[in-house]
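Here the sequence shown is numbered in the numbering used here, starting from 4 and rising by one per residue.
Just so it is clear, CB atoms sit at the ideal spot from N, CA and C, and this is done for glycine as well.
Only one structure is covered here, and it is reproduced in the block below.
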Amino acid sequence: MNLADMLCYADIDQLTRIAQTYDCHTGSHSKNELIQSILTVIHRREVLESRMEEMSGDDLRFLNSLLFENRMVYSMEELKARAIGTAVTAAAAVLPESGKPAPKPDAKAKGTRSKKKQAVPAEPAGPEDTARQTITRFKRFGWLFNGFSQQTRYLYQVPEDVKRRLCDALERKFRLRLEEREEPPVYRDERGLLAEDLTVFLKYVRDNDCPLSVDGVLYKRQLGQVLELMSVREEGPGKTGWRFGYGRKFRDYPDRFSLLYDFAYYEGLIRENPDRLIVTEEGLNTADGQRRIDPAELYRFWLRVYKGPIANLTALVQWVNRLSAAWTTVSSLFEVLRPLIRSYYFDQEQDVLERRVLGMMMHLGLLRWGETSSGEALVKMTPQGSAVVSGIALTFEDTLRLETIGRPG
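Structure follows, in structure tokens:
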């Protein structure tokens, strides 16, 4: 449903609150005139863009968690969970900007005989209260509405035309800071390689004895042999440093191969027996070419695995798709998208974008990664990647055709 439809179903109290938010002036008590007044103001481009400029980072992250969803309705609990999940931690909000603890009260104040009561600072709002305030604010903006039937009265939705307008307004804002370049002399294009390497891995497990350690991990010798066969060379993870959060086997295997391995495991292509790794019947069909892996399958699996540590992953991928139709500098893309990114333990914001998002999108064949002659990093979406991220269904013939577009030589 669009905004005009939802305004018609809204009660007069909500319409009044929206009208007050946008300073709509109407001398009539007519509901129809109130709706027309709201629509006239809220559809103005400058009004929407000024609202964007006033938004906090938390509000911006919450908004982006709703813009690219296919689902239609949310419960209040789901909205609160999103608002809390995309906000900064409570500890970070309480600490002063310097990061140091607040100063202790003056010791002299304890001995004063003044009968005036010391002012007790108000406790900061908890995450749930803050989330409720955010949701209330979005309702006043006319961006969230209750359902109108008995079954949906406690569910919320964003008007479809409001989604489009908000996306367009944000894109105009983001593009002002983007930097584009000419096609670089060298770039990496890995379209189709991950699916090919999955087949190579399955054939290796089929044709070789693959013992597993007590922890259910391939031994170093077998892992080294597998990685040698991959189209993209990776080294096994070292013993130092932390590795967790980005998949079931991320701790034990390098980034790209751990995603490939996890996909094979969860799709039932391999099975971990107590002492051996074996290929299942479905895995044999894939190794023999009877089943083809759709790039969209790998993409959707990656989203499911990485959405835990990267809360706004779907929005980030959609923005990379919209903003990287031409060769775009990674540095400017990071500056634009930084408000949407949160660090994850020892992964700082730049690591999250470059290694976990852009790097994996390159491995999935969604974008190309290049460098200028001066070493400046650039990215550009592939035709196949843009289609997959946009949700366009591709036939196998479409995939083959798109994989040849823009290839060197």
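Local conformation of residue i per DSSP, three classes
i	result
R259	helix
V76	coil
R345	coil
V229	helix
A7	helix
D391	According to the sequence shown, residue 391 is Val rather than Asp. Looking at V391 - three-state DSSP - the assignment turns out to be helix.
L381	strand
D350	strand
Y249	coil
L181	coil
V360	helix
G88	helix
L369	coil
Y190	strand
P240	coil
Q17	helix
Residue nearest to residue i in terms of C-alpha spacing, selected from the options
i	options	result
L40	A22, L6, M55	The displayed chain sequence assigns Ser, not Leu, to residue 40. Closest by alpha carbon: A22.
F177	M55, L306, K242	M55
G219	L306, E193, K252	K252
Y268	Y309, E285, K34	E285
R156	A134, Q136, K206, S78	S78
P386	S346, E379, A329	A329
A90	S377, D297, L205, A314	A314
G292	F304, Q228, L272, R175	L272
Y25	D192, F141, V76	F141
M363	W245, G250, Q228, L226	G250
N35	D8, S327, L301	D8
L230	S261, L301, R359	S261
D278	R191, L169, L221, S376	L221
T133	E183, R184, F65	F65
E52	S152, L215, R175	R175
L232	G248, W245, K206	K206
Q321	P298, S334, G388	G388
Y190	W245, L370, L6	L370
D14	D350, F151, I281	F151
F337	M365, L381, Y302	L381
T283	V208, E80, M365, E186	V208
A45	P312, D164, R184, E237	Going by the sequence as given, residue 45 is Ile instead of Ala. Taking only the C-alpha atoms, the option nearest I45 is D164.
P298	A86, G88, V392	V392
L169	G248, L6, K310, Q351	L6
Residue i, buried or exposed, once every other Cβ within 10 Å from all chains shown has been counted against 16
i	result
H28	exposed
V339	buried
W146	buried
D200	buried
D265	buried
K113	Interpretation of K113 is limited by its pLDDT of 43, a score under 50 that renders its predicted location unreliable; no figure is taken from the coordinates.
P257	buried
P162	buried
T92	Since pLDDT at T92 reaches only 39, below the 50 mark, its modelled position is unreliable, and the value read off the structure follows with that caveat. Classification of T92: exposed, given that the 10 Å Cβ count is below 16.
K83	buried
K242	exposed
W305	buried
Y12	exposed
I395	exposed
K223	exposed
Cα-Cα separation, residue i to residue j
i	j	result
D354	D210	37 Å
E357	V217	34 Å
R274	L287	12 Å
I38	R307	40 Å
L10	P240	55 Å
Y159	N149	5 Å
N73	L179	28 Å
R341	L367	22 Å
V203	T289	10 Å
R194	L226	24 Å
L69	G378	36 Å
E374	L326	18 Å
L319	D192	20 Å
D212	E270	21 Å
L181	R135	34 Å
P106	G129	Because the pLDDT of P106 is 42, which lies under 50, any placement of that residue in the model is unreliable, and the number read from its coordinates should be weighed accordingly. P106 and G129: Cα-Cα distance of roughly 22 Å.
W372	P214	36 Å
Uninterrupted beta strand (DSSP E) stretches inside the segment 145-179 (no shorter than 3 residues): 158-160
Inside the segment 252-337 only - beta strand (DSSP E) runs reaching at least 3 residues: 273-275, 280-282
Ordered list of alpha helix (DSSP H) runs contained in the segment 35-59, each at least 4 residues: 48-57
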